[in-house]
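When the letters of the sequence shown are read in order and numbered with numbering that gives the first Met the number 0, they come out as residues 0 to 54. Think of the CB as a built atom: it goes at the ideal place given N, C-alpha and C, for glycine as much as any other residue.
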Amino acid sequence: MTNAGYNTVELRGPAEPTDLEKLNIGDVIYINGMIYTGREGVYRKILDEGNSPPV
């Protein structure tokens with residue numbers, strides 16, 4: 000898809016590495032699926048406690 004000069008990409012999570020390799024700077028990306036977020040302190044705590052991130 001193209002929209003006002005931008006390449007529009009629709010991704011479904013979890014994304015495959017081959018899908019991510021096709022992305023370019025400036026692409027507009029729509030993501031469908033489960034997304035995990037957290038601030039930098041959350042990830043540090045998870046790793047310091049010996050756990051793996053939930054992805």
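- request: Tell me I28's beta-bridge partners as DSSP assigns them.
  value: Position 29 of the sequence shown, counting from 1, holds the residue named residue 28. Looking at the DSSP assignment, I28 forms a beta bridge with V8.
field: Segment limits, alpha helix (DSSP H) that includes I45
entry: Here the question's residue 45 lines up with position 46 in the sequence shown. Element bounds for I45: E39 to D47.
task: Go ahead and pull the three-state DSSP assignment for T17.
output: Position 18 of the sequence shown, counted from the start, is the residue given in the question as residue 17. In this structure, DSSP gives T17 a helical state, which the three-state scheme calls helix.
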